[in-house]
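In my numbering, the protein residues as written are 47 to 501. Even for Gly, the Cβ is constructed at its ideal location relative to N, Cα and C. Quick notes on the structure that follows.
What follows is the structure, given as structure tokens:
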């Protein structure tokens with residue numbers, strides 16, 4: 047056959063377990079007929095529904111999707127660990143599956159004995175295992191512990207040994223399921239180098255991972271699985287782009303729902319008596335120094351409502367409301383405001399905080415030397431940021447309107463959330479526009495297209 051793996055209309059149905067059992071014994075289940083046919087729809091669920099794909103020999107094929115989407119079930123069907131309920135899977139060549147690393151290891155015997163047992167289980171002869179034994183142990187970095195019982199190994203040592211055995215079976219088809227977290231950074235690089243070596247030797251790799259950059263870097267084609275169905279397949283960049291867009295849509299809905307719930311709770315809080323001078327804490331973005339404990343305040347809303355913030359929205363570069371933005375994208379925070387009677391003393395403020403409650407930035411119209419004159423009725427305040435150069439993460443926003451002396455009219459504390467996405471996994475808070483420059487005999491090349499310039 048011209049392909050290494052072929053899946054045709056693969057469906058996998060599992061029984062949904064509940065407190066009430068359909069069958070008390072195996073005998074009663076057999077007497078009643080088919081286990082699947084006689085179960086009601088609520089008692090079963092489809093882990094896979096009619097999934098089809100082909101992997102040509104010598105190619106690297108990636109499978110992406112959310113947790114619970116059916117990726118691992120699909121890989122187990124390919125490995126023969128489980129059988130499809132309907133449909134068929136055909137694999138040409140010797141298979142090694144990096145799925146449940148160390149499956150079959152016996153905790154009471156040594157790593158040396160387990161290498162031989164596991165290698166034979168994976169299809170090698172005893173002589174073949176002996177020939178590759180030293181290389182396996184060296185790759186797993188377990189020279190000093192190979193004769194110790196496996197039960198004395200850490201989880202990382204256990205997984206590294208399982209990986210080393212599976213990778214040295216020298217299969218025609220390698221199945222990989224999120225196993226790059228089995229060691230430290232150095233061991234991860236060794237694993238990636240081994241995958242690259244497999245590709246150079248014309249081996250077929252089927253990779254299931256959440257590391258989208260790895261799929262773009264290694265894979266010739268990709269498949270996006272969602273809720274047990276194949277959503278899209280083909281060019282990795284196109285598939286990952288569609289997958290990331292779908293994830294962002296779901297994040298948008300989740301963040302919007304969370305903000306709505308927070309505002310409902312805050313709106314239900316009574317408006318304090320403006321005559322009570324102790325009713326209002328100081329504002330962290332007011333003119334002058336903010337009290338330290340303000341930054342420890344939990345989410346909420348307070349103020350006299352002489353000026354009220356009626357609406358808060360985030361607009362992307364296309365002018366559409368949203369909650370998920372790319373690092374460096376233009377973002378505008380829009381406040382809908384209202385004053386029921388004329389007022390001359392007012393200041394609008396904005397504060398941005400990261401998930402650790404660190405203030406990334408805070409300012410207000412007074413600090414930016416804008417003096418209030420008069421406001422009555424309704425209006426809109428726009429705080430425009432040409433480049434929101436934050437690193438990837440989730441951020442909370444304070445919005446406020448208050449008097450020049452800090453007395454709050456309407457303060458919304460940590461009620462609004464947005465998320466920054468980036469293909470570049472740098473750290474910190476602020477991501478300045480930058481470039482790298484080199485001189486002398488230094489040669490680098492870009493691995494993936496990204497926002498950083500290399501010169």
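Residue i versus residue j: straight-line alpha-carbon distance, rounded
i: residue 107; j: residue 266; result: 6 Å
i: residue 101; j: residue 269; result: 10 Å
i: residue 241; j: residue 248; result: 11 Å
i: residue 296; j: residue 290; result: 10 Å
i: residue 419; j: residue 391; result: 7 Å
i: residue 448; j: residue 307; result: 24 Å
i: residue 272; j: residue 116; result: 7 Å
i: residue 54; j: residue 182; result: 36 Å
i: residue 350; j: residue 380; result: 21 Å
i: residue 370; j: residue 378; result: 13 Å
i: residue 500; j: residue 310; result: Bear in mind that the predicted position of residue 500 carries a pLDDT of just 37, short of 50, making it unreliable; the figure below should be weighed with that in mind. Their backbone Cα atoms lie some 48 Å apart in a straight line.
i: residue 366; j: residue 105; result: 41 Å
i: residue 472; j: residue 262; result: 19 Å
i: residue 433; j: residue 488; result: 32 Å
i: residue 384; j: residue 456; result: 11 Å
i: residue 139; j: residue 197; result: 33 Å
i: residue 164; j: residue 211; result: 7 Å
i: residue 60; j: residue 132; result: 12 Å
i: residue 99; j: residue 282; result: 14 Å
i: residue 236; j: residue 483; result: 29 Å
Beta-carbon proximity check, residue i vs residue j, cutoff 9 Å
i: residue 50; j: residue 219; result: yes
i: residue 466; j: residue 443; result: no
i: residue 199; j: residue 209; result: no
i: residue 222; j: residue 254; result: yes
i: residue 353; j: residue 421; result: yes
i: residue 382; j: residue 356; result: yes
i: residue 445; j: residue 396; result: yes
i: residue 136; j: residue 94; result: no
i: residue 258; j: residue 110; result: yes
i: residue 362; j: residue 463; result: no
i: residue 217; j: residue 156; result: no
i: residue 188; j: residue 151; result: no
i: residue 274; j: residue 97; result: yes
i: residue 213; j: residue 170; result: no
i: residue 460; j: residue 358; result: no
i: residue 468; j: residue 481; result: no
Where residue i falls: helix, strand or coil (DSSP)
i: residue 55; result: strand
i: residue 285; result: helix
i: residue 265; result: coil
i: residue 383; result: strand
i: residue 425; result: strand
i: residue 305; result: helix
i: residue 98; result: strand
i: residue 417; result: coil
i: residue 119; result: helix
i: residue 434; result: coil
i: residue 233; result: helix
i: residue 258; result: helix
i: residue 398; result: strand
i: residue 246; result: helix
i: residue 91; result: strand
i: residue 221; result: strand
i: residue 352; result: coil
i: residue 162; result: helix
i: residue 347; result: strand
i: residue 239; result: helix
i: residue 409; result: strand
i: residue 291; result: helix
Burial state of residue i, where buried means 16 or more other Cβ atoms lie within 10 Å
i: residue 256; result: exposed
i: residue 178; result: buried
i: residue 120; result: buried
i: residue 167; result: exposed
i: residue 426; result: exposed
i: residue 122; result: buried
i: residue 113; result: exposed
i: residue 347; result: buried
i: residue 454; result: buried
i: residue 338; result: Caution is warranted here: a pLDDT of 43 is assigned to residue 338, below 50, making its placement in the model unreliable, and no coordinate value can be reported.
i: residue 458; result: buried
i: residue 201; result: exposed
i: residue 250; result: buried
i: residue 373; result: buried
i: residue 176; result: exposed
i: residue 186; result: buried
i: residue 154; result: exposed
i: residue 91; result: exposed
Contiguous alpha helix (DSSP H) assignments of at least 4 residues, all confined to the segment 177 to 213
For the alpha helix (DSSP H) assignment, the uninterrupted runs of no fewer than 4 residues enclosed by the segment 177 to 213 are, from N- to C-terminal side, 201 to 213.
Sequence ranges, beta strand (DSSP E) only - wholly within the segment 432 to 481, length at least 3
Runs found: 439 to 448, 454 to 467.
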